[in-house]
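These notes are about the structure you will find just below.
Numbering (our numbering), first residue to last: 30 to 353.
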């Protein structure tokens with residue numbers, strides 16, 4: 030029988046990674062420079078594996094093949110088959126990430142036989158004066174962009190935004206963007222690992238080689254219009270679910286609660302994911318069965334489970350993610 034599923038995190042060491050995700054690893058060699066923790070992934074060669082319970086050791090793809098709509102929702106299974114449609118991550122940036130852009134579905138399908146990448150970021154934490162790069166600070170064209178790229182002055186054309194904990198951003202495919210140092214982020218995105226790196230501050234990899242850029246591929250997908258505002262305005266009302274982003278690919282809500290919350294998903298034909306940002310809570314499902322969800326954990330609730338109760342020990346903050 031299906032139950033709420035936790036998965037083994039897939040940890041990615043990067044040249045810009047920090048130590049905020051070190052607690053997710055028991056391997057001393059992997060504790061340094063962890064840039065990303067892939068919490069739930071259907072990306073090929075990076076398929077999540079269940080970490081506990083009767084289904085421990087089974088991959089997300091195997092379970093989707095067996096349980097189909099009971100796990101992900103009937104409409105989602107009809108559209109995506111055994112490929113899980115979302116990639117859920119934590120990102121810890123000790124240094125600036127490369128400036129990059131992602132293709133939309135049509136371009137990704139034609140070039141890579143894959144899905145595009147629209148995503149969102151929620152700031153789990155941010156150092157003082159931390160910022161993000163998001164779009165252009167004025168209307169730009171291909172020629173001006175390429176000139177700036179050639180002259181190593183691209184950042185002059187880009188919009189930067191100061192950020193703090195709790196800020197939220199939506200990044201449609203085609204938006205030039207970068208996470209900068211001091212940002213600790215929860216990322217929700219389409220299942221795609223296609224990234225076009227367009228500028229990397231002339232950094233070199235561990236072997237001393239310049240990191241690969243994708244100038245030609247990227248230029249054809251970039252939105253060159255002025256984009257000065259990507260932040261999502263929302264209110265953190267205690268014990269009330271607030272919608273952050275709702276698009277064709279996912280819906281993400283925010284909930285801060287210090288008392289029992291009932292969730293009724295009878296009208297929703299989708300799995301539900303909870304990312305626990307602060308505190309911890311007990312998830313009650315199937316009348317009287319329970320599972321505890323701690324800070325930093327992510328849990329996938331199968332679509333077949335419709336009536337849930339969330340009971341915090343003190344105060345908890347979560348992101349609630351599903352597909353409409």
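Note that beta-carbon positions come from the ideal geometry of N, C-alpha and C, so glycine has one too.
Enclosing beta strand (DSSP E) for residue i [first to last residue]
{"i": "residue 42", "result": "39-47"}
{"i": "residue 265", "result": "Segment: none, residue 265 is in no beta strand (DSSP E) and carries neither H nor E."}
{"i": "residue 64", "result": "63-69"}
{"i": "residue 273", "result": "271-275"}
{"i": "residue 293", "result": "290-293"}
{"i": "residue 352", "result": "Counting along the chain, residue 352 falls outside any beta strand (DSSP E), and DSSP gives it neither H nor E."}
{"i": "residue 220", "result": "It is not in any beta strand (DSSP E) - residue 220 carries neither H nor E in the DSSP assignment."}
{"i": "residue 314", "result": "310-314"}
{"i": "residue 304", "result": "301-307"}
{"i": "residue 129", "result": "128-130"}
Nearest-angstrom Cα separation, counted from residue j out to residue i
{"i": "residue 341", "j": "residue 188", "result": "39 Å"}
{"i": "residue 235", "j": "residue 53", "result": "24 Å"}
{"i": "residue 162", "j": "residue 316", "result": "46 Å"}
{"i": "residue 141", "j": "residue 344", "result": "44 Å"}
{"i": "residue 205", "j": "residue 198", "result": "13 Å"}
{"i": "residue 338", "j": "residue 312", "result": "6 Å"}
{"i": "residue 151", "j": "residue 72", "result": "21 Å"}
{"i": "residue 391", "j": "residue 241", "result": "Residue 391 is absent from the model: the chain starts at 30 and stops at 353."}
{"i": "residue 231", "j": "residue 65", "result": "22 Å"}
{"i": "residue 69", "j": "residue 256", "result": "30 Å"}
{"i": "residue 278", "j": "residue 183", "result": "30 Å"}
{"i": "residue 272", "j": "residue 237", "result": "45 Å"}
{"i": "residue 111", "j": "residue 100", "result": "10 Å"}
{"i": "residue 287", "j": "residue 346", "result": "9 Å"}
{"i": "residue 169", "j": "residue 177", "result": "11 Å"}
{"i": "residue 98", "j": "residue 270", "result": "26 Å"}
{"i": "residue 225", "j": "residue 251", "result": "10 Å"}
{"i": "residue 45", "j": "residue 200", "result": "21 Å"}
{"i": "residue 181", "j": "residue 221", "result": "28 Å"}
{"i": "residue 96", "j": "residue 326", "result": "23 Å"}
{"i": "residue 249", "j": "residue 165", "result": "16 Å"}
{"i": "residue 174", "j": "residue 185", "result": "10 Å"}
{"i": "residue 39", "j": "residue 266", "result": "33 Å"}
{"i": "residue 115", "j": "residue 219", "result": "5 Å"}
{"i": "residue 319", "j": "residue 30", "result": "14 Å"}
{"i": "residue 171", "j": "residue 50", "result": "38 Å"}
{"i": "residue 135", "j": "residue 41", "result": "28 Å"}
{"i": "residue 81", "j": "residue 254", "result": "47 Å"}
{"i": "residue 107", "j": "residue 244", "result": "36 Å"}
DSSP state of residue i mapped onto helix, strand, coil
{"i": "residue 109", "result": "helix"}
{"i": "residue 120", "result": "strand"}
{"i": "residue 93", "result": "helix"}
{"i": "residue 332", "result": "coil"}
{"i": "residue 83", "result": "coil"}
{"i": "residue 53", "result": "helix"}
{"i": "residue 322", "result": "strand"}
{"i": "residue 35", "result": "coil"}
{"i": "residue 285", "result": "strand"}
CB of residue i within 8 Å of CB of residue j, strictly
{"i": "residue 192", "j": "residue 137", "result": "no"}
{"i": "residue 202", "j": "residue 145", "result": "yes"}
{"i": "residue 121", "j": "residue 195", "result": "no"}
{"i": "residue 76", "j": "residue 217", "result": "no"}
{"i": "residue 113", "j": "residue 89", "result": "yes"}
{"i": "residue 336", "j": "residue 298", "result": "no"}
{"i": "residue 63", "j": "residue 128", "result": "no"}
{"i": "residue 159", "j": "residue 209", "result": "yes"}
{"i": "residue 157", "j": "residue 275", "result": "no"}
{"i": "residue 300", "j": "residue 332", "result": "yes"}
{"i": "residue 290", "j": "residue 268", "result": "yes"}
{"i": "residue 36", "j": "residue 78", "result": "yes"}
{"i": "residue 304", "j": "residue 334", "result": "no"}
{"i": "residue 329", "j": "residue 33", "result": "yes"}
{"i": "residue 306", "j": "residue 153", "result": "yes"}
{"i": "residue 263", "j": "residue 283", "result": "yes"}
{"i": "residue 117", "j": "residue 302", "result": "yes"}
{"i": "residue 260", "j": "residue 148", "result": "no"}
Alpha helix (DSSP H) segment containing residue i, residue limits
{"i": "residue 339", "result": "From DSSP, residue 339 is part of no alpha helix (DSSP H) but of the beta strand (DSSP E) over 336-341."}
{"i": "residue 101", "result": "98-101"}
*Of all the alpha helix (DSSP H) runs that stay within the bounds of the stretch 134-211, which reach a length of 4 or more residues?*
Within the stretch 134-211, the runs of alpha helix (DSSP H) that reach at least 4 residues and sit entirely inside it are, in chain order, 134-141 and 171-179.
*Can you check the stretch 237-261 for any alpha helix (DSSP H) of at least 4 residues that lies completely inside it and give the ranges in chain order?*
With a minimum length of 4 residues, the continuous alpha helix (DSSP H) runs that stay inside the stretch 237-261 are 244-248.
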